[in-house]
Structure formats: structure tokens, C-alpha cells
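K.L.:
In UniProt numbering, the protein residues as written are 1 to 420.
Where is the CB? At the ideal position from N, CA and C, for every residue including glycine.
All values reported here derive from a predicted model rather than from experimental measurement.
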Amino acid sequence: MASVFMSPVSVSTNPRLQRIPSTSTSMFVSLASSDSRPPSEDLYLETTGDRSRKDRRRVVRLAWEKLVRWSRSWRSKTKTDDVLERTNKVVVLGGGSFGTAMAAHVADRKAQLEVHMLVRDPQVCQSINESKFNCKYLPKHKLPENVIATTDAKSALLGADYCLHAVPVQFTSSFLEDIADYVDPCLPFISLSKGLELNTLRMMSQIIPQALRNPRQPFVALSGPSFALELMNKLPTALVAASRDQRLANATQQLLASSHLRISTSSDVTGVEISGALKNVLAIAAGIVVGMNLGNNSMAALVAQGCSEIRWLATKMGAKPTTITGLSGTGDIMLTCFVNLSRNRTVGVRLGLGEKLDDILSSMNQVAEGVSTAGAVIALAQKYNVKMPVLTAVARIIDNELTPKKAVLELMSLPQVEEV
């Protein structure tokens, strides 16, 4: 599939050349020619091999020590606790898995910090407040004592210093319009949602200020390769906080960064948002490859092509190429396309196995954003005149206009052109 798509992205498949360690080299040489080479020459090779190995170790050690010194120097110059110390209350909108995991993470940052979760389900609200467990999402993980759930938007938002928005994209506009009167116009919104609004093609950076009727509402897009379960288990994770206000991006970094969560900053909001949205559609395609048992070659070719399509559209929209190859782009794509925990990939696997989309969605208790995003992506591609064969095929499969098998045949029949 790799060379037959429309200008697929290049994938480096050449293995790195690895040198055999000098000690092994001298051993093999000695065994192969022990009858013809004087013992003194073998001893010389072993001696120089040991010296070379020691030199390499010394270079690596010095490089590591230099990195550690730089890191310590940077930390000593950067005040990382000011924002956390000044923060007394954080509100999390949404009681899904990622909202729950982020609520737990923020609450662990400071025991005196109040973390209020605004949820719709009274049962979830009750279980969080009474037992400190979310009975629907991540139910085996206990939440910190300073996590408080409520169904009352006014009390949740009152006095909040930061807002973590974890409501699915397609429901965000109506949700925020209902609570707009309780939102402080200076309250920073940190969006955890990834996707495009189907009918309007809007991203979260457009939806939130418009729904709140405040074009200057402070906004941060938080994105990157992250599963809620692993974040809840405090496994090492890295994300990107993107904002056009560098001070706000830095504040978000200081609020959230911990020993197990790294936060990089970016000013490329468009790049972070569009790559986070499009990777969900690509993950469905990757799942279809798995479900149809098309093999590893097909998977690599498909994901490489998908990465190119995302880059073509994102850069046309003003994104930086480096953003697309970073954490929020390639990083998130790798996680979502290759790991079974991905909801969008799961949808694709089941489609590839022949299940109907309606049956798949009705059996899931969480939203797979890629399903609703697919159509919006194709509309954007047409708007910016970008050919996106893989993502277009996904949209047609979702619309029940094309079977996965037929999609593969059509993709393999595309003109074989120069790679771009």
C-alpha cells in the first residue's frame, strides 16, 4: 500500500547500522585467524578494543552529565510552584475517563486544592462524593479526597482559577451555552477534547469562546499521546499545552507538570488541535487494517500515508510542520493507531471484522470522536483543496457508502506517483 497512495509520506524503514562491539570484533578475528596471526596482534586488537570501549563510555557519561547539569540549572532558574501555590480551585467539566483522570492528577498536585467535577449523571456524582470512585469510568481507581463532584454548574464554576474542559466536541457548544452565565470572562479554559464540530468544521479554540459569547476567553489546547488509564496509574506521560498567550501556556505547564507528567508548551494552537482531531480518523483506518488482517506492511503504509495527509491539510491551515511531527501529531498518532486501548482504533477493528457501525457505537459507553470528525475532515480537505484518500475512505465507510474491502481495492488502484 505504501507506494500506491497519493504521494505518501516517506517512512524510514532502514535499520540503523550497528557496529559490533570492539571486544566481539577482536574475539571473532582471533578465532578466524588464530593460526596465521601472531599472538601479539590479537593482544593489540583486544587492548585497542578495550580502550575504544572505554572512550565511548566516557563520551556517553560526559554527555549525560552535561544534560543533567543543564536540567538542574534550568529548574533552578524557573519558578514552577508559583501558579500552583496561587491556585485554590480547579473545575473539570465532564465526568468521562479523561476528565476523571485529569481531576485526580490535579488534585494530587496539592492537598489543599479543591477540584470540582461538573457531571451530568447524579449516580456518578453520588459515587464520587460518597466513595471517591467514578462508578462508570475508571471505577477501580480511587480519587483523592479533594475531588468533589456536582451537577450544579454555578457552584462548580464559582471562584474557579482554571477550567479543564473534557466534554466531547459535538456536545460542547450546547453544553457551554447553557452555563455561559456562570463563567468568569477571565477564567482560563484548558481543552482536553479533540475533534472538529461536524456541521461547522470548528475546532475547540473556536467553539469555546463563541459558545461563551466571549471572543477573548483565555484558551489552552492540551493534547498529546495519553490514555486516561495510564495517566490515572501515574505512568510517565508527555503532553503539549498550546496557547497564543505564552504566559497562559507556561501557567498551564506549571499547574499540571509533575514527576510523571511532562508538559511542553507551544504557540501553534491550530497545529495541535488539527493533528489531535485528524489522528482519531486515521486510528479508525488503522483498526480496519487490523480487523481485516491485512498485515504489518499494510499498517505501516497506511499510517505513513495518513501522516502525510494530516501534514498536508494542517500546513495549508497554517500549522507548523514541526508541530505535526511532535507529541501532539506523530506522538498521538502512534499511540492511537497501534494500541488496543484506543476507542477509535477499536471502532475500526470491528468495522474491519464486518460489524455495523450503529451496533458498534451502541455497545460503547464512551465517545469515539473520529466517527463524527471524519465527515468534517473531508469538508475541510475540499475547502483547502487537499487530496486525502485514506481519510476520505474512512468517511465513506462510516457513511456506509463503501465497504472496507472495496476501500482497500480503490486505494491500491490510485495512481503511483512521486512521494511528497
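If you pair each beta-carbon of the region 225-244 with each one of the region 289-300, do three or more pairs fall below 8 Å?
P.N.:
The region 225-244, when compared against the region 289-300, does not touch it at the 8 Å Cβ threshold.
K.L.:
Have a look at VAL339 and GLN416 and give me their C-alpha separation to the nearest angstrom.
P.N.:
Sequence index remark: in the sequence shown, residue 339 carries index 339 (1-based). Sequence index remark: in the sequence shown, residue 416 carries index 416 (1-based). Cα to Cα, VAL339 sits roughly 30 Å from GLN416.
K.L.:
Who are the Cβ neighbours of PRO209 in its own chain at under 6 Å, not counting the five residues just before and after it?
P.N.:
In the sequence shown, counting from the first residue as 1, residue 209 sits at position 209. For PRO209, where only same-chain residues beyond five positions count, the Cβ hits under 6 Å are PRO215 and GLN217.
K.L.:
Provide the residue(s) that pair with ILE148 in DSSP beta bridges, ordered along the chain.
P.N.:
Sequence index remark: in the sequence shown, residue 148 carries index 148 (1-based). DSSP, once it has assigned bridges, lists HIS116 as partnering ILE148.
K.L.:
Which residues bound the alpha helix (DSSP H) around CYS337?
P.N.:
As a position in the sequence shown, residue 337 is number 337, starting the count at 1. Segment 332-338, the alpha helix (DSSP H) holding CYS337.
K.L.:
Pick out whichever of ALA221, SER73, SER226 and VAL90 has its Cα sitting closest to the Cα of ALA149.
P.N.:
Locating residue 149 in the sequence shown gives position 149, where the first residue counts as 1. The residue with the shortest Cα to Cα distance from ALA149 is VAL90.
K.L.:
State whether the region 359-372 contacts the region 276-284, with contact taken as three or more CB pairs (one from each stretch) at a distance under 8 Å.
P.N.:
The region 359-372, when compared against the region 276-284, does touch it at the 8 Å Cβ threshold.
K.L.:
Can you give the Cα-Cα distance for GLU419 and ALA160, rounded to whole angstroms?
P.N.:
Here residue 419 corresponds to residue number 419 of the sequence shown, with the count starting at 1. Here residue 160 corresponds to residue number 160 of the sequence shown, with the count starting at 1. Cα-Cα distance, rounded: 50 Å.
K.L.:
Does the beta-carbon of THR322 have 16 or more other beta-carbons within 10 angstroms, so that it is buried, or is it exposed?
P.N.:
The sequence position of residue 322 within the sequence shown is 322, counting from 1. Classification for THR322: exposed.
K.L.:
Please classify HIS105: does DSSP put it in a helix, a strand, or coil?
P.N.:
Your numbering for residue 105 matches position 105 in the sequence shown. If DSSP states are grouped into helix, strand and coil, HIS105 belongs with the helices.
K.L.:
At the level of alpha carbons, what is the spacing between GLY195 and ARG72?
P.N.:
If you number the sequence shown from 1, residue 195 lands on position 195. If you number the sequence shown from 1, residue 72 lands on position 72. Those two C-alpha atoms are separated by around 37 Å.
K.L.:
Closest to ASN199 by C-alpha separation, out of TYR137, SER173 and THR265, would be which residue?
P.N.:
In the sequence shown, the residue the question calls residue 199 occupies position 199. Selected option, being the one with the closest Cα: SER173.
K.L.:
Helix, strand or coil, according to DSSP, for THR346 in the structure here?
P.N.:
Within the sequence shown, numbered from 1, the residue matching residue 346 stands at position 346. In this structure, THR346 counts as helix in the three-state DSSP scheme.
K.L.:
Sort VAL119, CYS337 and ALA251 by Cα distance to GLU85 and report the nearest one.
P.N.:
The residue you call residue 85 lines up with position 85 of the sequence shown. For the residues VAL119, CYS337 and ALA251, the minimum Cα distance to GLU85 belongs to ALA251.
K.L.:
Are CYS337 and ALA283 close, meaning C-beta to C-beta below 7 Å?
P.N.:
Your numbering for residue 337 matches position 337 in the sequence shown. Your numbering for residue 283 matches position 283 in the sequence shown. Yes, they are a contact pair.
K.L.:
Do you know how far the Cα of MET102 is from the Cα of VAL347?
P.N.:
Stepping through the sequence shown from its first residue, residue 347 is reached at position 347. Stepping through the sequence shown from its first residue, residue 102 is reached at position 102. Their Cα atoms are separated by approximately 24 Å.
K.L.:
Where GLN305 and SER97 are concerned, what is the direct C-alpha to C-alpha distance, given to the nearest angstrom?
P.N.:
Here the question's residue 305 lines up with position 305 in the sequence shown. Here the question's residue 97 lines up with position 97 in the sequence shown. In a straight line, the C-alpha of GLN305 is about 30 Å away from that of SER97.
K.L.:
Alpha carbon to alpha carbon, how far is LEU411 from SER328?
P.N.:
By one-based count along the sequence shown, residue 411 stands at place 411. By one-based count along the sequence shown, residue 328 stands at place 328. The alpha-carbon atoms of LEU411 and SER328 are separated by roughly 27 Å.
K.L.:
Among GLU230, ASP152 and LYS387, which residue has its Cα nearest to the Cα of ILE179?
P.N.:
Within the sequence shown, numbered from 1, the residue matching residue 179 stands at position 179. Nearest C-alpha to ILE179: ASP152.
K.L.:
Using 8 Å as the cut-off, can you tell me whether the region 182-195 makes contact with the region 111-127, which would need three or more C-beta pairs spanning the two stretches below that distance?
P.N.:
No: fewer than three Cβ pairs fall under 8 Å.
K.L.:
Quick one: which unbroken beta strand (DSSP E) runs of 3-plus residues sit fully inside the region 124-193? Chain order, please.
P.N.:
Complete beta strand (DSSP E) runs here, min 3: 147-150, 162-165 and 189-191.
K.L.:
Run through DSSP, which three-state label would VAL420 get?
P.N.:
For the purposes of this step, residue 420 is taken as the residue at position 420 of the sequence shown. Coil, per DSSP.
K.L.:
Who are the Cβ neighbours of LEU17 in its own chain at under 7 Å, not counting the five residues just before and after it?
P.N.:
Taking the first residue of the sequence shown as position 1, residue 17 is located at position 17. Residue confidence for LEU17 is low, a pLDDT of 35 falling below 50, so the modelled location carries little weight and cannot support an answer.
K.L.:
Out of ALA285, GLU65, ALA107 and ALA376, point me to the one whose CA is closest to LYS405's CA.
P.N.:
Position 405 of the sequence shown holds residue 405. The option with the nearest alpha carbon to LYS405 is ALA285.
K.L.:
With which residues is PHE219 paired in a DSSP beta bridge?
P.N.:
Sequence index remark: in the sequence shown, residue 219 carries index 219 (1-based). PHE189.
K.L.:
What does THR237 pair with, by DSSP beta-bridge criteria?
P.N.:
Within the sequence shown, the letter at position 237 stands for residue 237. DSSP output for THR237 lists LEU261 as bridge partner(s).
K.L.:
For the 8 Å Cβ check, are there 3 or more pairs between the region 216-236 and the region 394-402?
P.N.:
Output reads no: the region 394-402 does not touch the region 216-236.
K.L.:
From the DSSP output, which residues share a beta bridge with LEU93?
P.N.:
On the sequence shown, residue 93 is found 93 positions in, with the first residue counted as 1. Beta-bridge pairing links LEU93 to LEU118 and HIS165.
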